[in-house]
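Engineer: Starting off with a structure, shown below.
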Amino acid sequence: MMSVVLFVGSPRVPSSTRSIVAGLRSRLEEAGASVTVLDPKRGEEAAPAFIDRSLKTLRAADVLVVASPVYLDLPPFKTLAWLQAVSAKWDELAGCRLSVYGISHSGYFEPIHKAVSLRAFEHLCRRMDWRWRGGIAFGGTSPIDGRPLEQTGLFGRRVRPALDALVPVLLSQHDIPRSLAKRAGRSPIPLPRRLLVWAMNRISADHESKDAV
Amino acid sequence: MSVVVLSAIDSSDGRDALSRVLSSVADTVHWVDLMRIEFGSCLACGGCAEMPRCVLADEYTPVIADLAACERLILVTPIFLGVHHPVMKRAVDRFMPLGGGPFTVRQGEMHHESRMEHPFSLVGIGLLVDGALPEEADTFRMLIARHAVNLDCPSHEAYVVEDLGDVAPRLSNPLKRGGLE
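As given, the protein sequences belong to chains A and B, one line each in that order.
Every letter in the first sequence is one number past the one before it in this note's numbering, and letter 187, counting from 1, is 187.
Adding 1000 to a residue's 1-based position in the second sequence gives its number in this note's numbering.
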């Protein structure tokens, strides 16, 4: 049975990353994969006990998916600290030939915001001699905010079909097709950028005025 | 000129040379040794979306206010996977209160407006330490360019060196002429 590890890189509660990982987990399990989710609590990401557990899990795995939000162009501290702690123990992972996939997402709609984050995951694979299979960049994910993907309407419209299409790619350990990465990276709200910005500022202002009342 | 240096370098090698250059061109230099202060990681609580400050109160909190007022910010970090050392990222994650204004379009991309009246110029100094691959240098330069767009910096510069002492003479001229491209 294919063994897949899903790492949750978000420090936030509730978190859009957890919604995406939960959606991917259920799809993978339905397809017959064995799935382990690694989701360290705040402060636990580089703790020896958690890293030991991570190493043991990774040694038995075929596929690793690093799912992480992007804060200021990069995965947050939680993700980088875990990757550093794991990669420092590279000798304990000798012979481990994981296929690695990245899922980076943020509230901003353009894939360029996620580009450096995905490159960092690719560098990890080069350092560890793992197989980089590519990444997906979702935009406009902030409103998902921990809800099941099925309840996220417009904001989950790129995520749900992308995860459906990603499952067979993961299970066959193939590279992510460019067409899939491109589709997933499209804005969930296909409005001209300036109109979108105007609308989002209106929504924010309405929220603030309701809060003030 | 006021300069803030955030350093995630564990040793003092090369720091003296860099400090000398900065002291000769800047009115004030605030050097923050991230490896030697206690500070927490961003909770992503969204508190700074409501008000322009971080909800965490620790040794790093006053540094965020200094960042908003400085003219140049210099990030000194070992390169890890082509990007910041995790400790530098812990500090950068807490830049969130500096942004957080209304949404805007900048350089054709969606961003938040800066809350800084005069955003700083940005300098990134990446140290290629053991284990770093040569191609990670390009990723680091790309990262600093992306930070400059995100933080609305008027200019930026990225240096990748193997020894911190190597950057001092290269940094001196752009700082003296008062501008960075």
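Virtual Cβ for every residue (Gly too), placed ideally from N, Cα, C.
Nothing here was measured: the structure is a model prediction, and the numbers come from that model.
Residues of the stretch 1106-1140 of chain B in Cβ contact with chain C at a cutoff of 8 Å, in chain order, please.
Structural biologist: In summary, chain C is missing from the structure at hand, where the protein chains are A and B.
Engineer: Closer than 9 Å by beta-carbon distance: list the chain A residues that pair up with residue 1102 of chain B, in chain order.
Structural biologist: Ordered by position in chain A, the residues that pass the 9 Å Cβ test against residue 1102 of chain B are 197, 200, 201, 204, 205.
Engineer: Taking the alpha-carbon of residue 61 of chain A as reference, which of A:191, A:34, A:47, A:71 has the nearest alpha-carbon?
Structural biologist: Its Cα nearest to that of residue 61 of chain A, the residue A:34 stands out among A:191, A:34, A:47, A:71.
Engineer: What does a CB cutoff of less than 6 Å around residue 75 of chain A pick up in its chain, not counting 5 residues either side in sequence?
Structural biologist: 9, 68, 117
Engineer: Could you check which residue in B:1090, B:1073, B:1142 has the C-alpha nearest to that of residue 1028 of chain B?
Structural biologist: B:1073
Engineer: Which class does residue 141 of chain A belong to by DSSP, given the choice of helix, strand or coil?
Structural biologist: coil
Engineer: What does residue 110 of chain A touch in chain B if you count any residue whose Cβ is under 7 Å from its own?
Structural biologist: 1109, 1110
Engineer: In whole angstroms, give me the CA-to-CA distance for residue 1056 of chain B and residue 1107 of chain B.
Structural biologist: 32 Å
Engineer: Touching or not, the stretch 126-143 of chain A and the stretch 81-90 of chain A, by the rule of three or more beta carbon pairs under 8 Å?
Structural biologist: yes
Engineer: Is it a yes or a no for the stretch 1125-1138 of chain B touching the stretch 1086-1093 of chain B, going by three-plus beta-carbon pairs under 8 Å?
Structural biologist: no
Engineer: From this set, A:143, A:202, A:155, A:205, which residue's C-alpha is nearest residue 190 of chain A's C-alpha?
Structural biologist: A:155
Engineer: Distance, Cα to Cα, residue 212 of chain A vs residue 1042 of chain B?
Structural biologist: With a pLDDT of only 46 at residue 212 of chain A, under 50, the local geometry of the prediction cannot be trusted, and no value is derived from it.
Engineer: So, do the stretch 191-201 of chain A and the stretch 47-64 of chain A have three or more beta carbon pairs nearer to each other than 8 Å?
Structural biologist: no
Engineer: Using 8 Å as the threshold, is the C-beta distance between residue 187 of chain A and residue 109 of chain A below it?
Structural biologist: yes
Engineer: What are the residues that DSSP puts in a beta bridge with residue 135 of chain A?
Structural biologist: A:102
Engineer: State the Cα-Cα distance for the pair residue 157 of chain A and residue 1161 of chain B, rounded to the nearest angstrom.
Structural biologist: Their Cα atoms are separated by approximately 44 Å.
Engineer: Just list the alpha helix (DSSP H) runs in the stretch 51-97 of chain A, keeping only unbroken ones of 4 residues or longer that don't cross its boundaries, in chain order.
Structural biologist: Segments of the alpha helix (DSSP H) lying fully in the stretch 51-97 of chain A: 77-87.
Engineer: Using a Cβ-Cβ cutoff of less than 6 Å, which residues in the same chain neighbour residue 27 of chain A once the five nearest sequence positions on both sides are dropped?
Structural biologist: Listed in chain order, the non-local C-beta contacts of residue 27 of chain A below 6 Å within the same chain comprise 163, 167, local neighbours out to five positions each way being set aside.
Engineer: Write down every uninterrupted run of the alpha helix (DSSP H) in the stretch 1090-1151 of chain B whose length is 4 residues or greater and which is fully enclosed by it, in chain order.
Structural biologist: You should have 1136-1150.
Engineer: Grab me the residues of residue 101 of chain A's own chain with a C-beta within less than 6 Å of its C-beta, minus the 5 sequence neighbours each way, in chain order.
Structural biologist: 65, 133
Engineer: Please check the pair residue 204 of chain A and residue 1102 of chain B, which I expect to be a contact at CB under 8 Å, by giving their CB distance rounded to whole angstroms.
Structural biologist: Between residue 1102 of chain B and residue 204 of chain A the Cβ distance is about 7 Å, and since that is below 8 Å, they are a contact.
Engineer: With 8 Å set as the bound, which would you pick, yes or no: does the beta-carbon of residue 11 of chain A sit closer than that to a beta-carbon of chain B?
Structural biologist: It does: the Cβ of residue 11 of chain A has a partner Cβ on chain B nearer than 8 Å.
Engineer: Pull out every residue of the stretch 123-149 of chain A whose Cβ sits closer than 7 Å to any Cβ of chain B, in chain order.
Structural biologist: 123, 124, 126, 127
Engineer: Which class does residue 13 of chain A belong to by DSSP, given the choice of helix, strand or coil?
Structural biologist: coil
Engineer: Counting C-beta neighbours from all protein chains within 10 Å, is the total for residue 1058 of chain B 16 or more, i.e. buried, or is it exposed?
Structural biologist: Its Cβ having fewer than 16 others within 10 Å, residue 1058 of chain B is exposed.
Engineer: With residue 178 of chain A as the anchor, note down where its beta strand (DSSP E) starts and where it stops.
Structural biologist: Where residue 178 of chain A is concerned, there is no enclosing beta strand (DSSP E), although the alpha helix (DSSP H) around it starts and stops at 178-185.
Engineer: Measure the alpha-carbon distance for residue 1071 of chain B versus residue 183 of chain A and round it to whole angstroms.
Structural biologist: Near 41 Å, if we compare the C-alpha coordinates of residue 183 of chain A and residue 1071 of chain B.
Engineer: Looking at chain A, is there any beta carbon in it that lies within less than 8 Å of the beta carbon of residue 1086 of chain B?
Structural biologist: yes
Engineer: Thinking just about the alpha-carbon of each residue, which of B:1017, B:1036, B:1080, B:1031 is nearest to the one in residue 1005 of chain B?
Structural biologist: B:1031
Engineer: Given this structure, state the Cα-to-Cα distance separating residue 1009 of chain B from residue 44 of chain A, to the nearest angstrom.
Structural biologist: 23 Å
Engineer: Just checking my contact of residue 1158 of chain B with residue 1018 of chain B at CB under 8 Å: how many whole Å lie between their CB atoms?
Structural biologist: Actually they do not touch by this definition, with Cβ atoms about 15 Å apart.
Engineer: Run through the DSSP bridge pairs and tell me what residue 1031 of chain B is partnered with.
Structural biologist: Paired residues: B:1005.
Engineer: Going straight from the alpha carbon of residue 82 of chain A to that of residue 115 of chain A, what length do you get?
Structural biologist: 20 Å
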